[in-house]
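Engineer: Pasting in a structure now, in structure tokens, and then I'll have a few things to ask.
In my numbering, the protein residues as written are 90 to 200.
See the structure below:
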């Protein structure tokens, strides 16, 4: 029974994105009107994503926003990671687990 539970959990968890299967390959800095961040190229689940805009700072304070992430089907979405860097918003058209992935993108890029 224990082996079945481990196998089941492994199968279920493979569809959820984690930082383990995410890498920021290239970062190009940008800044304008008190905001700054990076335009990134990233690898996720073996696929390369290009042109995602990650906001790191706005008005001298952290801003948790990522624009242009490919949600896996070619559609680009913008995601507010949340003011605490943990929760999120604007994620109503994402599969479960991808909010966590967006947070990981922000952390890998801005920290």
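All C-beta atoms, glycine included, are put in the ideal place defined by N, C-alpha and C.
I need the straight-line Cα distance from residue 43 to residue 166, nearest angstrom please.
Structural biologist: No information on residue 43 is available, as it lies outside the stretch 90 to 200 that the chain covers here.
Engineer: Could you check the C-alpha separation between residue 140 and residue 149 for me, to the nearest Å?
Structural biologist: Approximately 24 Å, taken between the alpha carbons.
Engineer: Which term fits residue 192, buried or exposed, when burial requires 16 or more other beta carbons within 10 angstroms of its beta carbon?
Structural biologist: Residue 192 is buried by the Cβ-count criterion.
Engineer: Alpha carbon to alpha carbon, how far is residue 161 from residue 113? Give it in angstroms, no decimals.
Structural biologist: Roughly 16 Å between the two C-alpha positions.
Engineer: Please classify residue 122: does DSSP put it in a helix, a strand, or coil?
Structural biologist: Three-state result, residue 122: coil.
Engineer: Using alpha carbons as the reference points, say which of 111, 121, 119 and 126 lies closest to residue 200.
Structural biologist: That would be 126, whose Cα lies nearest to the Cα of residue 200.
Engineer: Using 10 angstroms around the beta-carbon of residue 138, count the other beta-carbons present and answer buried if the total reaches 16, otherwise exposed.
Structural biologist: Counting Cβ neighbours within 10 Å, residue 138 comes out buried, since at least 16 surround it.
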